[in-house]
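J.: Numbering (this note's numbering), first residue to last: 357 to 527. Where is the CB? At the ideal position from N, CA and C, for every residue including glycine. Questions regarding the structure given below will be posed in turn.
Quick look at the structure:
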């Protein structure tokens, strides 16, 4: 798998030698993204979902580079002839290189962090109330643990589905 630094990627993109595909989630893309990048979340990534990149390099990016690397591997496994590059360090490296991104005017925590805050708060609250009032409240913490176990086994997080519907997560 090939990689490219932010300045070179910007040069290729500006010279229309490459297209940039963002494989982060829509919430992350909405918070900030490289102008002109196309959003195709990693879970939906297939060659036929990509914009036309005939005779162009394909630059894949994510937040820090890990998902970008996974996306490159996925595409190269499907078609080893592709000229695919992972943006080293993702959008964070792009910003550190002094390159501009389009950012939302409102700040919202990414969905995974919202879930972590809610679950962590629920566990701590259950333990505190369990010690202060009655041991039955330890079940609150157990329920959050069971929810994490369920989402880990099934890959389906009902809390995430609920949080996505909240007004602050709507565009």
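1. How is the beta strand (DSSP E) around residue 378 delimited, first residue to last?
2. For the beta strand (DSSP E) that contains residue 359, what are its first and last residues?
3. Considering residue 442, what are the terminal residues of the beta strand (DSSP E) in which it resides?
4. Just mark residue 372 as buried or exposed, buried being the case when its beta carbon has 16 or more other beta carbons within 10 Å.
5. Apart from the five residues just before and just after residue 507, which ones in its own chain have a Cβ nearer than 8 Å to its Cβ?
6. CB-CB under 7 Å to residue 409, same chain, minus the five flanking residues each way: which ones, in chain order?
7. Identify every residue that forms a DSSP beta bridge with residue 395.
8. For residue 423 and residue 489, I'd like the C-alpha separation in whole angstroms.
9. Taking 8 Å as the cut-off, decide whether the C-beta atoms of residue 397 and residue 379 are in contact.
10. Any idea what DSSP makes of residue 434, helix, strand or coil?
11. For residue 471, is the classification buried or exposed, using 16 other Cβ atoms within 10 angstroms of its Cβ as the cut-off for buried?
12. Do residue 464 and residue 393 count as a contact pair if the criterion is CB distance below 8 Å?
13. Could you tell me if residue 477 is buried or exposed, where buried requires 16 or more neighbouring beta carbons within 10 angstroms of its beta carbon?
14. DSSP three-state call for residue 402: helix, strand or coil?
15. Can you tell me whether residue 428 is buried or exposed, with buried defined as 16 or more other CB within 10 angstroms of its CB?
16. Alpha carbon to alpha carbon, how far is residue 483 from residue 442?
17. Please report the distance separating the alpha-carbon of residue 430 from that of residue 510.
18. Quick check on the DSSP output: the beta strand (DSSP E) that includes residue 415 runs from which residue to which?
T.: This is what the structure holds:
1. 374-378
2. 358-360
3. 440-443
4. exposed
5. 513, 514, 515, 516
6. 375
7. Bridge partners of residue 395: 378.
8. 45 Å
9. yes
10. Assignment of residue 434 by DSSP, reduced to helix, strand and coil, places it in the helix class.
11. buried
12. no
13. exposed
14. coil
15. buried
16. Residue 483 and residue 442: Cα-Cα distance of roughly 44 Å.
17. For residue 430 and residue 510, the distance between alpha carbons rounds to 22 Å.
18. 413-417
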